[in-house]
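Trainee: Quick one: structure below, then a few questions.
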Amino acid sequence: MKRYLLIVFLFLSFSPLLIGQSMLPAHQDTSALTSTNEIVFSGLADYQSTSIGKDIVQSFFYGGFIDDEMKGVTSGRQQLINRFGIDISTEIEYKNHKSTIFKDSTIGFSLKYGAYNFSGIQYTADAFDLLFFGNSAFIGDTAVLSGSQFSSYTFQKIGFGWFDKYSKSSITLNAVGVNNAFSGVINNAALYQSASLDSIDLQIDAIYKLSNPNRFSGFGAAVDIDYRFNMPKNDSESIYFQLLARNLGLVYMPNVNHSEIQGQLSFDTYTVDELLNAQTVFEDTDETIASFSDTSSTKGNWRVLPAMLQFTKLIDRNSKQKFQGFYGARAFLSSSFMPMFFVGTDIRPLKWYRLGLQASYGGFSNLRWGMYSDFKFDHFSIGIASENLFSQTGESIIIKITCEF
C-alpha cells in the first residue's frame, strides 16, 4: 500500500514540465485582422492542492529534504477529503485571415498542435499521514483510505479548424495520440493497529489501470470549440461572452493492464520496535502484496479525455473604459477537479498595456489569487500571468505570445 501511494505522489510530482488554457481574462476584438497570418503560442504550468505544501512539492521537483516540520504543517492542513493536481500544456496555432478556401469571405482557417499533461489525485487525510509518517501514526487507531483515487493523462494533438474573422468563434478537429495514461481507485481500504502494539489488520479493495508505456499507447479524436456571443449593454456597447471546450473527445488504448487487488491481512506479536519503525506491513512490500488476491488482465480501453469546459465574460479590447470586470467558471472532466469560479478586474493604464487582478475558488484547491500583465503592439503581443499567487499550496505560470505578419 505504501509503495503504491508513493508511486502516485512521485509520478504526479515528476510529470514532464512542458510549459494551454487561455490566460484570464480572455479578450474580445471584433475588428478584422489587417495582417494575413497570425501565430499564437500559449503555455501553462500549474499545480495546486487543498493542503500539500509547495515546499514539499518543490522538494520533489528540484530536489531537497522533506523534514518533520514540513510534513507536520501539511498534515495540519489536511481535510477529510483532499485534492492535488497538475495541469501542464503547450499549444501553438497558426491562423490565416486572408484565405479564400471557404466560400464565405469572413471565415479563415487554422492549424494547431498541442501537448498536455493533466494529473489529479483525491485522497483522505489518513493516506497522507500513512505515506509520510508510517503506521506508527495510527497506534490504537484506524487509517481510512477508502475513496482515494488518482488519474494521469499525457497526450498530444494536431488539428485543423476554421474561425470567424469578426466574432472570433472557432472550431478545431484534432487527431489525438496518447503517450501514457494511468488511473486507480481505492474502493475500500483501512489499516488498524492495536493500542497494545501487538497486532495490525489491513484490508483493501482497489483497482489500478496502466496503459502500454510505449511512445504512443493510444489514439483518438477531440474537438476544440470557442463560441462567442454578445448581449447589448446600451445603444453603443455590448457585453461579450465565451463558451470554451478544449480537448473534448475520446481515445482508445489497445493494451491497458487492469489490476484488481483484494484481500485482508492480520499480523500479531510484533515487537514495539518493529511496529514503531514501520517494519511490519511495509518491511517486504513484495511479499505483502503477493498475499493479496491480485487479478490482472490486458485489454483495450476507451477513455474520455480530461476536457476543459469554461464560461467567461470577456474583456472588450475596443472599449474606451479604463476598468472592466470579468467572471466565469471552469470545469474539467475529472472527478478530482471541483468546479472553479473566478472573478477579476482588468485595468488599462496605457493604450498598449493592460494588467489585472483575479480571485478564484475551487479546482484542486480553495481560494487563490492571480495577476496578469498584457503588452500589445502593432504586430506583436505578449502576456504573462499567474492564477496562484501568495499560496502555500500551489504555483502557476501562464504565457501567451502572438505574432502577426
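If you're matching positions, the sequence shown starts at -12 in the numbering used here and goes up one per residue. Each residue gets a CB set at the ideal place from its N, CA and C atoms; glycine is no exception. On a predicted model such as this, the values are computed, not experimentally measured, just so you know.
Identify whether G40 lies in helix, strand or coil by the three-state DSSP scheme.
Mentor: G40 falls in the coil class under three-state DSSP.
Trainee: So G357 and S373 are supposed to be a Cβ contact under 8 Å. How far apart are they, rounded?
Mentor: Between S373 and G357 the Cβ distance is about 6 Å, and since that is below 8 Å, they are a contact.
Trainee: Buried or exposed: F89, going by 16 or more other Cβ atoms within 10 Å of its Cβ?
Mentor: The residue is exposed, with fewer than 16 neighbouring Cβ atoms inside 10 Å.
Trainee: Would you call the CB atoms of V210 and I158 closer than 8 Å?
Mentor: The answer is yes: Cβ separation under 8 Å.
Trainee: How big is the Cα-Cα spacing for N375 and Q251?
Mentor: Their Cα atoms are separated by approximately 42 Å.
Trainee: Cα-Cα, which of Q229, L296 and A114 is closest to R215?
Mentor: Of the listed residues, the one whose Cα sits closest to R215 is Q229.
Trainee: Would you mind stating whether L337 and A346 have Cβ atoms separated by less than 8 Å?
Mentor: Not closer than 8 Å, so no.
Trainee: My output table needs one value for N221: the three-state DSSP class, helix, strand or coil.
Mentor: N221: coil per DSSP, three-state reduction.
Trainee: Run through DSSP, which three-state label would L117 get?
Mentor: It is helical.
Trainee: Taking the beta strand (DSSP E) that K196 falls in, what are its first and last residues?
Mentor: Run containing K196: S186 to S198, per the beta strand (DSSP E) assignment.
Trainee: Mapping DSSP to helix, strand and coil, what is K85?
Mentor: The answer is coil: DSSP assigns K85 none of H, G, I, E or B.
Trainee: Roughly how many angstroms lie between the CA atoms of F125 and L11, to the nearest whole one?
Mentor: So the two alpha carbons sit approximately 44 Å from each other.
Trainee: Please classify S135: does DSSP put it in a helix, a strand, or coil?
Mentor: Residue state, collapsed to three classes: coil.
Trainee: Tell me, please, whether the region 292 to 304 touches the region 313 to 325 by the rule of three or more beta-carbon pairs shorter than 8 Å.
Mentor: Counting Cβ pairs under 8 Å, three or more are found: they touch.
Trainee: Please confirm if the region 131 to 151 is in contact with the region 109 to 122, defined as three or more CB-CB distances below 8 Å between the two stretches.
Mentor: At 8 Å Cβ cutoff, the stretches touch.
Trainee: Please classify F401 as buried or exposed, where buried requires at least 16 other C-beta atoms within 10 Å of its C-beta.
Mentor: Because the chain here runs from -12 to 392, residue 401 falls outside it and cannot be looked at.
Trainee: Tell me, to the nearest whole angstrom, how far the beta carbon of S322 is from that of Q136; I am working on the premise that it is less than 8 Å.
Mentor: About 7 Å; that satisfies the 8 Å criterion.
Trainee: Residues in its own chain within less than 6 Å of F319 by CB, not counting five upstream and five downstream?
Mentor: If we look at F319 and ignore the five residues flanking it on each side, its Cβ neighbours are P293 and M295.
Trainee: Thinking just about the alpha-carbon of each residue, which of Q35, S139 and T17 is nearest to the one in F351?
Mentor: It is Q35 whose Cα lies nearest to the Cα of F351.
Trainee: Near I173, which residues of its chain fall below 8 Å by C-beta distance, leaving aside the five closest residues on each side in sequence?
Mentor: So the list reads L132, S133, G134, S135, Q136, I191, D192 and A193, once near-sequence residues are dropped.
Trainee: What are the boundary residues of the alpha helix (DSSP H) that G350 is part of?
Mentor: Where G350 is concerned, there is no enclosing alpha helix (DSSP H), although the beta strand (DSSP E) it sits in stretches over Y340 to G350.
Trainee: Can you tell me whether DSSP reads G95 as helix, strand or coil?
Mentor: If DSSP states are grouped into helix, strand and coil, G95 belongs with the strands.
Trainee: Report buried or exposed for H366, applying the criterion of at least 16 other Cβ atoms within 10 angstroms of its Cβ.
Mentor: Classification of H366: exposed, given that the 10 Å Cβ count is below 16.
Trainee: List the endpoints of the continuous alpha helix (DSSP H) containing T61.
Mentor: Counting along the chain, the alpha helix (DSSP H) containing T61 begins and ends at D55 to R64.
Trainee: Pair every Cβ in the region 45 to 62 with every Cβ in the region 20 to 32, then say whether three or more of these pairs are closer than 8 Å.
Mentor: With the cut-off at 8 Å, the region 45 to 62 and the region 20 to 32 do not touch.
Trainee: What's the gap between the Cα of W422 and the Cα of I26?
Mentor: Outside the modelled stretch of the chain, which goes from -12 to 392, sits residue 422, for which no answer is possible.
Trainee: For Q45, which of helix, strand or coil comes out of DSSP?
Mentor: Residue state, collapsed to three classes: helix.
Trainee: With distances taken Cα to Cα, identify the nearest neighbour of F377 among H14, D16, F28 and K41.
Mentor: Of the listed residues, the one whose Cα sits closest to F377 is K41.
Trainee: Can you find a CB in chain D that lies within less than 8 Å of the CB of A168?
Mentor: Reference to chain D is not applicable here, since this structure consists of a single protein chain.
Trainee: Taking the beta strand (DSSP E) that Y153 falls in, what are its first and last residues?
Mentor: No beta strand (DSSP E) contains Y153, which DSSP labels as neither H nor E.
Trainee: By DSSP, does A124 sit in helix, in strand, or in coil?
Mentor: The answer is helix: DSSP assigns A124 an H, G or I state.
Trainee: Under 8 Å between the Cβ atoms of I79 and F28?
Mentor: Yes.
Trainee: From this set, I226, N83, Y239 and F120, which residue's C-alpha is nearest T140's C-alpha?
Mentor: One detail in the question is off: residue 140 reads as Tyr in this sequence, not Thr. Closest by alpha carbon: Y239.
Trainee: Would the C-beta of Q143 count as close to the ligand COA, meaning under 7 Å from any of its heavy atoms?
Mentor: Questions concerning the ligand COA fall outside what the structure shown contains, since it holds no ligand whatsoever.
Trainee: Give a yes or no on whether the C-beta atoms belonging to I39 and F71 are separated by under 8 Å.
Mentor: Their beta carbons are under 8 Å apart, which means I39 touches F71 by this criterion.
Trainee: Quick one: Cα of L98 to Cα of N166, how far?
Mentor: Taking the straight line joining both Cα atoms gives about 21 Å.
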